[in-house]
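First residue of the sequence shown? That's 16 in this note's numbering, and the numbers climb one at a time after it.
Reviewing the structure listed below.
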Amino acid sequence: MLNKTTNQSLSVALIGVGRVAVKHLKAIRFWEGKKKLHLLAAVDPKIESAAAKLKELGFKQGIPVFKNMEQMLREARPDICAITTPSGSHFVLAKKALEAGCHLLLEKPFTLDLDEADFLLEKAANNNIKIAVGHIFRYMIGIQELREDLASGRFGRVLYGNVTVRWGHDQAYYDQAKWRGSWQQDGGALMNQTVHALDLMSYLCNALPVTATGELARIRHDIEAEDLGLGIFRLANGALLAVEGTTAGPPQDKEASLFIQTEKANIRASKRGRKIRLSVRAEESQSLTGSYLRRSLGRYLKKMGLSGLWQLTNPHTSIYADLMSAIKEDREPIASGLSGRDAVAMVLSLYQSYREKRTVRFPPTERRITPQEL
């Protein structure tokens, strides 16, 4: 049996060594250098390709790669299982990890089924296991400080906001993996690409919806689900939120942005390519952006050290730091399992609204994706 914790260094098993896994591996390598984490094992049906990826990213030889999770758990007991597989497989793999007593870092979306999500949350709570979800926007510079000030009422009530995710993909992206864009295994642009930003908006506004109205379309790709989704939420605090999520734009010009108008300020945050921008401006046109960046960067460097500056463009490094602290301090991670479940419910409410051709109450009565014609 492969050992778990070694001299305070928590062990990680990476489940799925595909595109998203590279960000996890770079984060694990960073914390490995600080003797906080180490990669115990990986799981991927393409064993040779996965082993080559580990070598390419600088991991020592001898880290075992297993064909499936059952085999890995027979021979290893990691502290953390990081699951980066297709969305439709999340529940089955997460359930196995929890049954083995492993903490979880689960890529978004949490699951595609609210009953499955609730099962995982209850299982984790009953066994004092922590679940973090890969909602990376919560960990970007300035976000925690903004959340604190918005929650304290510094800027007055949130009035309205909008979320835009234009994350273009060509048809080849979908053709490379048949699960992409399918109702059963993935969902469309709202569930896969836009769920990050919806989660962030709900987090900053400190409120969930009470109603949702959605429109879906498939305008450019040969897939089952939507490549364009539009929606309007009325939040529990009275604010209105508009959302646009699409993969139909140019792949070379991806962007995600949000805007929040409060009684006393407006807030803009965006990611375009590798450029991340934040703007906070008071009603009297006073820019507060610099003070937020200084506060946030000071907090970040205290936790990550100077070498952490190279990790600013990889928020997964901060997710692992938060999960490690959550395990040690016995608290919920910033991007908790419950927050992941709520973000899925927001998307499901837009799907239900489109299918029923009406505004629906939140939470949705449809607890899983219902395939529908577009």
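Where a beta carbon is used, it is the ideal one built from N, C-alpha and C, also for glycine.
Environment of leucine 316 [buried if 16+ CB atoms lie within 10 Å]: exposed
query: Under three-state DSSP, which class holds cysteine 220?
result: helix
- prompt: For valine 107, does the count of other Cβ atoms within 10 angstroms reach 16, so buried, or fall short, so exposed?
  reply: Exposed is the call here.
- request: State whether the stretch 202-210 contacts the stretch 255-274, with contact taken as three or more CB pairs (one from each stretch) at a distance under 8 Å.
  value: yes
- prompt: If we ignore side chains and look at the alpha-carbon of each, how far apart do glutamate 344 and valine 32 end up?
  reply: 29 Å
task: Can you give me the Cβ contacts of proline 265 inside the same chain, cut-off strictly under 8 Å, excluding the 5 residues immediately before and after it?
output: Result list for proline 265: Gly183, in chain order.
message: Contact defined as beta carbons within less than 8 Å: I believe leucine 293 pairs with isoleucine 156. What is the distance between those atoms, to the nearest angstrom?
response: Right, their Cβ atoms sit about 7 Å apart.
task: Could you tell me whether the Cβ atoms of leucine 135 and tyrosine 335 are closer together than 8 Å?
output: no
field: DSSP beta-bridge partners of threonine 277
entry: Val173
field: Beta-carbon proximity of leucine 365 to leucine 205, cut-off 8 Å
entry: yes
message: Quick check: what's the CA-CA separation for histidine 236 versus alanine 187?
response: 10 Å
- request: May I ask you to check if the CB of leucine 303 is nearer than 7 Å to at least one heavy atom of the ligand MN?
  value: As presented, the structure is devoid of all ligands, the ligand MN included, so that no description of it is given.
- request: Pull up the DSSP beta-bridge partners for phenylalanine 248, would you.
  value: Ala227 and Leu256
field: Top-ranked residue by Cα proximity to glycine 103, from Tyr154, Val225 and Phe125
entry: Nearest option by C-alpha distance: Phe125.
- request: Ignoring anything shorter than 3 residues or poking outside the stretch 77-113, list the beta strand (DSSP E) runs there in chain order.
  value: 95-98
field: Per-residue DSSP class, three states only, for threonine 37
entry: Note on identity: in this sequence residue 37 is valine, with threonine being the wrong assignment. Here valine 37 sits in helix by DSSP.
message: For a test of the three-state rule: what should DSSP assign to alanine 28, helix, strand or coil?
response: DSSP places alanine 28 in the strand class (E or B) of the three-state scheme.
field: Selection from Gly288, Asn143, Ala139 and Gln159 that minimises the alpha carbon distance to serine 333
entry: The closest CA to that of serine 333, considering only Gly288, Asn143, Ala139 and Gln159, is found on Gln159.
message: At the level of alpha carbons, what is the spacing between leucine 119 and histidine 150?
response: Spanning the two alpha carbons is a distance of roughly 14 Å.
message: Three Cβ pairs or more, each shorter than 8 Å: is that satisfied between the stretch 167-186 and the stretch 71-79?
response: no
- request: Compute the Euclidean distance between the alpha carbons of alanine 297 and glutamine 276, then round it to the nearest angstrom.
  value: Going from the Cα of alanine 297 to the Cα of glutamine 276 covers about 10 Å.
message: Applying the 10 Å Cβ sphere with the 16-neighbour rule, what's the burial state of alanine 93?
response: With the sequence shown as reference, residue 93 is identified as proline, and alanine is not the correct amino acid for it. Buried is the call here.
field: Alpha-carbon to alpha-carbon, glutamine 367 and tyrosine 154
entry: 30 Å
task: Run through the stretch 311-355 for me and flag every whole alpha helix (DSSP H) of 4 or more residues, listed as ranges in chain order.
output: 331-344
task: Return yes when the Cβ of threonine 228 is within less than 8 Å of the Cβ of threonine 374, no when it is not.
output: yes
Proximity to aspartate 337 [Cα-Cα], best of Asn141, Ala147, Asp201 and Val27: Of the candidates Asn141, Ala147, Asp201 and Val27, the one whose C-alpha sits nearest the C-alpha of aspartate 337 is Ala147.
- prompt: What are the partner residues of aspartate 214, as DSSP defines its beta bridges?
  reply: Under DSSP, aspartate 214 takes part in no beta bridge, so it has no partner.
query: Which word fits tryptophan 46, buried or exposed, when buried means at least 16 other C-beta atoms lie within 10 angstroms of its C-beta?
result: Residue environment for tryptophan 46: buried (at least 16 other C-beta atoms within 10 angstroms of its C-beta).
task: Could you tell me how far apart the beta carbons of lysine 269 and glycine 288 are, in whole angstroms, since I believe they sit closer than 8 Å?
output: 7 Å
query: Skipping 5 residues on each side, what residues in its chain have a beta carbon closer than 7 Å to that of leucine 55?
result: Leu17, Ser26, Val27, Ala28, Ala91 and Pro93
task: Answer yes or no: do proline 4 and lysine 145 have a C-beta to C-beta separation smaller than 8 Å?
output: Within the shown structure, residues of the chain are numbered from 16 to 389, placing residue 4 beyond reach of any answer.
task: With DSSP as the reference, please indicate the residues paired to serine 272 in a beta bridge.
output: Beta-bridge pairing links serine 272 to Thr179 and Ser285.
task: For tryptophan 325, count neighbouring C-beta atoms within 10 Å of its own C-beta (all shown protein chains included) and say buried if the count is 16 or more, exposed if not.
output: Burial call: exposed.
query: Once you ignore the five residues that flank methionine 339 on each side, which residues in its own chain have a CB closer than 8 Å to its CB?
result: Same-chain partners within the cutoff: Leu25, Trp46, Lys51 and Leu52.
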